[in-house]
Amino acid sequence: MLVLHAHLPFVRHPEYESFLEEMWLFEAISETYLPMLRMLDRLEGDDVSGSFCMSFSPTLVSMLNDDLLRQRYVQHLDRLIELGTKERERTASDPDFAPVAAMYLDLYTQCRSDFVEKYEQDLIARFRHHTETGRIQAITTLATHPFAPVYQNCEDTVRVQIQVAMHEHAAAFGSRPKGFWLPECGYYPGIERLFDEAGVHFFFVAAHGLLFGQEPAEAGVYAPVQCSNGVLAFGRDMASANAVWSESEGYPGDPDYREFYRDIGHDLPLEYIGPYIHLETERINTGYKYYAITGRTDQKRPYVAERARSKVLSHAENFLFKQVRQCRVVSPLIDNVPVIVCPYDAELFGHWWFEGVQWLEALFRRAHQAAIADEDWVEFLTPRQYAQTHNGFQVLDPVLSSWGNKGYGEVWLDGSNDWIYRHTHKAVERMIDLVERYPNETGLKKRALNQAAREVLLSQASDWPFIIRSGTTVSYAESRVKEHISNFTHIYDSLSGGMISTEWLTKVERRNNCFPDIDYRLFARS
Amino acid sequence: MTRERLAGLNEELLHKLADRLDVDIPEESTPDEIIALVSDALEEAREDHDESNNNAMRVEERKYQLARFFSEKDLASVSNEQHEIPDRYNETRMHLMVRDPAWAFCYWDVRDETLVDVTADEEFSELILRIVEMDNPGFDDHTVVDSFEIPVRIDDKSRYINLPRQDASYYTELIALCGDRHVSICRSNPVTVPSGGLPFAVTEAVAADDRKDRVLALSGLEHLGVPRFGSEIPGRIISLIDRYAGSD
Numbered sequence: 001m002l003v004l005h006a007h008l009p010f011v012r013h014p015e016y017e018s019f020l021e022e023m024w025l026f027e028a029i030s031e032t033y034l035p036m037l038r039m040l041d042r043l044e045g046d047d048v049s050g051s052f053c054m055s056f057s058p059t060l061v062s063m064l065n066d067d068l069l070r071q072r073y074v075q076h077l078d079r080l081i082e083l084g085t086k087e088r089e090r091t092a093s094d095p096d097f098a099p100v101a102a103m104y105l106d107l108y109t110q111c112r113s114d115f116v117e118k119y120e121q122d123l124i125a126r127f128r129h130h131t132e133t134g135r136i137q138a139i140t141t142l143a144t145h146p147f148a149p150v151y152q153n154c155e156d157t158v159r160v161q162i163q164v165a166m167h168e169h170a171a172a173f174g175s176r177p178k179g180f181w182l183p184e185c186g187y188y189p190g191i192e193r194l195f196d197e198a199g200v201h202f203f204f205v206a207a208h209g210l211l212f213g214q215e216p217a218e219a220g221v222y223a224p225v226q227c228s229n230g231v232l233a234f235g236r237d238m239a240s241a242n243a244v245w246s247e248s249e250g251y252p253g254d255p256d257y258r259e260f261y262r263d264i265g266h267d268l269p270l271e272y273i274g275p276y277i278h279l280e281t282e283r284i285n286t287g288y289k290y291y292a293i294t295g296r297t298d299q300k301r302p303y304v305a306e307r308a309r310s311k312v313l314s315h316a317e318n319f320l321f322k323q324v325r326q327c328r329v330v331s332p333l334i335d336n337v338p339v340i341v342c343p344y345d346a347e348l349f350g351h352w353w354f355e356g357v358q359w360l361e362a363l364f365r366r367a368h369q370a371a372i373a374d375e376d377w378v379e380f381l382t383p384r385q386y387a388q389t390h391n392g393f394q395v396l397d398p399v400l401s402s403w404g405n406k407g408y409g410e411v412w413l414d415g416s417n418d419w420i421y422r423h424t425h426k427a428v429e430r431m432i433d434l435v436e437r438y439p440n441e442t443g444l445k446k447r448a449l450n451q452a453a454r455e456v457l458l459s460q461a462s463d464w465p466f467i468i469r470s471g472t473t474v475s476y477a478e479s480r481v482k483e484h485i486s487n488f489t490h491i492y493d494s495l496s497g498g499m500i501s502t503e504w505l506t507k508v509e510r511r512n513n514c515f516p517d518i519d520y521r522l523f524a525r526s
Numbered sequence: 527m528t529r530e531r532l533a534g535l536n537e538e539l540l541h542k543l544a545d546r547l548d549v550d551i552p553e554e555s556t557p558d559e560i561i562a563l564v565s566d567a568l569e570e571a572r573e574d575h576d577e578s579n580n581n582a583m584r585v586e587e588r589k590y591q592l593a594r595f596f597s598e599k600d601l602a603s604v605s606n607e608q609h610e611i612p613d614r615y616n617e618t619r620m621h622l623m624v625r626d627p628a629w630a631f632c633y634w635d636v637r638d639e640t641l642v643d644v645t646a647d648e649e650f651s652e653l654i655l656r657i658v659e660m661d662n663p664g665f666d667d668h669t670v671v672d673s674f675e676i677p678v679r680i681d682d683k684s685r686y687i688n689l690p691r692q693d694a695s696y697y698t699e700l701i702a703l704c705g706d707r708h709v710s711i712c713r714s715n716p717v718t719v720p721s722g723g724l725p726f727a728v729t730e731a732v733a734a735d736d737r738k739d740r741v742l743a744l745s746g747l748e749h750l751g752v753p754r755f756g757s758e759i760p761g762r763i764i765s766l767i768d769r770y771a772g773s774d
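Here it is in structure tokens:
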């Protein structure tokens, strides 16, 4: 069971002509979401069997549906195509780099054509098509992707995060999702009650979330468990995770694959690359990366796409072989047909692991061949398909866990980022207080209260503490937390003082415009 | 950030980078020497940072990596807008959060008036943070199993707490010591910390069933990347890991 989690934090800055961190979205569209849609289209066209589960975070959906960001993405592609044209000329006489430069120019030209013409800038509509054909089972995650365990004593906000996510997903995909991705696999005991309230049937946990439970997980991670309230929890398989995630031992580290870190944005002279980097002076990745991983050396070999493609096929074969072997060993030991749950960040494929989407496609095609040949092989199923054909799961409540470093909360709660929670917890408390004071507002007050609810949710994104701890773009992450807390506090104080500035509110509404249907009364005390 | 790239930075940025990496730059260092020092420190910082992450976190970081390690924007501390938020809310409250089976994080605040009253007591000597282990996670019906205290300063507002026992429930309480009296100022929410390993009941239960032992071994028990907090994997399961789950 393949589970891809697609997420980016809400980053949208209409107040600037261009904004560096919006590149997170643009890179992911070019390198992950568009290649995945092309893969899905090809699999559909060739009638290849196999399906998978994909979670779409509400913030990502909101950005993919945003006209300003769509327009900026096209402008971004235009710059990359212009750079590619110059690169084709610059490398024309170089037999090593000319084919790589041409590959990128083709890639970005195709991105533009697919995005603008084929998909008419609406990627979610195309993903929705593939949910309707059953190729993917789309699920959601907490609205702004907070690490849930740090809010377990503010359960009202976790409930709102779930409710907003369910609503946004239904608006984008046409129906409420049956499954839920917990951001960072961050599970705390009891959250399944909120899932049950929302009509969620299943979610995913880290392996030790099942294995360290109070009773033995009789099928280990090879079957879901049923929480006491009936919601299913699928456990993550570690062996298949490491095969794909590990930089040193996993497939993505193969010497023939493309090197992520070498980029012409850093390598070429400023006077040449200036127009294609941030503010013409700040060196950033452009996406034009000409080298293969090669090994632990600075002397990298030029990238050869054909060589990488042949590795993709052998790595897909190897991955499937290992899963088949594992199933054969596990089958006699458990009551159900074993399920191997392989969850990954969707953006790993194509972005960091450039060949990752090709690898995914190779998996499906190889498994399909095996099915046609009636080989005893593996089948790619969605959680819905698995649950429809299997039952009798063990009743067992998972334990606190995450897929973060050392398995718990140290990434999102450490000396660099712990200051956040005093403010986000307080904002939740105040938001609940606002609903009690203003239970049924209309007009400007209602707009202000709805915006306050958005700001509370946006302040909770797990991305900000994660980035603060990681040490890159720290000032941006800090300023985002402060911005949302500050905006919320401004509304809270304004309402208390009976004065709301329409101009200020309109500006903030335009900037942080996710979740247009949000109703502040979701924060009513339960 | 390569040496070549460092060479392109202006002197101010180079010194900022050195400060951020805690590199001592000897006076009269040449630009090349500064670059060499910063380059080595950057490499070391990157390696340290990668070691503090598991695979999932490393991959997630790539998603946000627009530049190499530090971007010039970060170094120059360019903030797009300054947003002021208060340091505290002048209220009396305490919040306890579980970080992992061994550590909890507690933050608190005390109303100025309350603090003035408490410290005005003639017998006031110090504030302490009491960590209380309960036999039950509910306040309404619990017995204190054990407790210990940590002295805190009047201006302290948070503290990480090393928890003595896993699979247990705790709360914390801020207390003013006034002579023989312990004056409670605020108390946190209760929390329950997980066992952080295979509970004893589980290892006992699977011992009686070879199939369950093998399923646990095959589930990757040895490769979870999770500290065990004193709960060791039984030897018989390790031997099964070697036999069934160790070979690639």
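From first to last, the protein sequence lines stand for chains X and Y. Quick note, the first sequence lines up with residues 1 to 526 if you use this note's numbering. Quick note, the second sequence lines up with residues 527 to 774 if you use this note's numbering. From the three backbone atoms N, C-alpha and C, an ideal C-beta is built for every residue, glycine too.
Problem set entry | residue 43 (chain X): first and last residue of the uninterrupted alpha helix (DSSP H) it sits in | 34 to 45
For this session: Express the C-alpha separation of residue 423 (chain X) and residue 306 (chain X) in angstroms, rounding to a whole number.
Result: 52 Å
Exercise. In chain order, what residues of the segment 649 to 681 of chain Y put their CB closer than 8 Å to some CB of chain X?
Worked result: none
For this session: Please work out which residues of its chain come closer than 7 Å, Cβ to Cβ, to residue 466 (chain X), disregarding the five sequence neighbours upstream and downstream, and give them in chain order.
Result: 411 and 412
For this session: Reducing DSSP to helix, strand and coil, say where residue 714 (chain Y) ends up.
Result: coil
For this session: May I ask you to verify whether the segment 102 to 109 of chain X touches the segment 64 to 84 of chain X, counting CB pairs closer than 8 Å and requiring at least 3?
Result: yes
Exercise. Taking 8 Å as the CB-CB limit, is residue 23 (chain X) close to chain Y?
Worked result: yes
Problem set entry | residue 744 (chain Y) burial status per 10 Å Cβ neighbour count (16 or more: buried) | buried
Problem set entry | Short-range partners of chain Y found in the segment 500 to 514 of chain X, where Cβ spacing is below 7 Å | none
Exercise. Could you give the residue range of the beta strand (DSSP E) that holds residue 782 (chain Y)?
Worked result: Here chain Y has residues from 527 to 774 only, and residue 782 (chain Y) is not among them.
Exercise. Helix, strand or coil for residue 220 (chain X) per DSSP?
Worked result: coil
Exercise. Quick one: what does DSSP say residue 522 (chain Y) is sitting in, helix, strand or coil?
Worked result: Here chain Y comprises residues numbered 527 to 774, so residue 522 (chain Y) is not present and cannot be evaluated.
Exercise. Taking Cβ to Cβ, would you say residue 232 (chain X) is nearer than 8 Å to residue 202 (chain X)?
Worked result: yes
For this session: Taking a Cβ distance cut-off of 7 Å, strictly less, list which residues of the segment 562 to 583 of chain Y are near chain X, in chain order.
Result: 575, 578, 579, 580, 581, 582 and 583
Problem set entry | Minimum Cβ-Cβ distance from residue 636 (chain Y) to chain X less than 8 Å | no
Exercise. Which of helix, strand or coil does DSSP assign to residue 566 (chain Y)?
Worked result: helix
For this session: Spell out whether any CB of chain Y is found under 8 Å from the CB atom of residue 395 (chain X).
Result: no
Exercise. How long is the line joining the alpha carbons of residue 731 (chain Y) and residue 515 (chain X), rounded to whole angstroms?
Worked result: 48 Å
Exercise. Residue 551 (chain Y) by DSSP, collapsed to three states: which one?
Worked result: coil
For this session: State yes or no: is the C-beta of residue 123 (chain X) within less than 8 Å of the C-beta of residue 361 (chain X)?
Result: no
For this session: Show which residues of chain X have a CB atom less than 7 Å away from the CB atom of residue 626 (chain Y).
Result: 406, 408, 409 and 410
Exercise. Chain X beta carbons: is any one of them nearer than 8 Å to that of residue 542 (chain Y)?
Worked result: no
Problem set entry | Assigned secondary structure, residue 345 (chain X) (DSSP; H/G/I helix, E/B strand, else coil) | strand
Exercise. Cα separation between residue 78 (chain X) and residue 26 (chain X)?
Worked result: 12 Å
For this session: Decide if the segment 109 to 127 of chain X is in contact with the segment 390 to 397 of chain X; the criterion is three or more beta carbon pairs, one per stretch, under 8 Å apart.
Result: no
Exercise. Going along chain Y in order, which residues have a C-beta closer than 7 Å to the C-beta of residue 238 (chain X)?
Worked result: 746, 749 and 750
For this session: Residues of the segment 707 to 733 of chain Y with a CB closer than 8 Å to any CB of chain X: list them in chain order, please.
Result: 715, 717, 718, 719, 720, 721, 722, 723, 724, 725, 727, 728, 731 and 732
For this session: Return helix, strand or coil for residue 698 (chain Y), following the three-state DSSP convention.
Result: strand
For this session: Using alpha carbons as the reference points, say which of Y:545, Y:585, Y:699 and Y:589 lies closest to residue 561 (chain Y).
Result: Y:545
For this session: Look at the Cβ atom of residue 398 (chain X), then the Cβ atom of residue 210 (chain X), and state whether they are nearer than 8 Å.
Result: yes
For this session: Mind checking the segment 9 to 35 of chain X against chain Y and listing, in chain order, the residues whose C-beta falls within less than 7 Å of any C-beta there?
Result: 20, 23 and 24
For this session: Specify whether the segment 43 to 61 of chain X and the segment 350 to 364 of chain X touch according to this definition: at least 3 beta carbon pairs, one from each stretch, less than 8 Å apart.
Result: yes
For this session: Output the distance between the C-alpha atoms of residue 664 (chain Y) and residue 697 (chain Y), rounded to the nearest integer angstrom.
Result: 10 Å
Problem set entry | Residues bridged to residue 140 (chain X) (per DSSP) | X:180
For this session: Compute the distance between the beta-carbons of residue 181 (chain X) and residue 55 (chain X), then report whether it is under 8 Å.
Result: yes
Problem set entry | CA-to-CA distance, residue 114 (chain X) to residue 187 (chain X), given in whole angstroms | 38 Å
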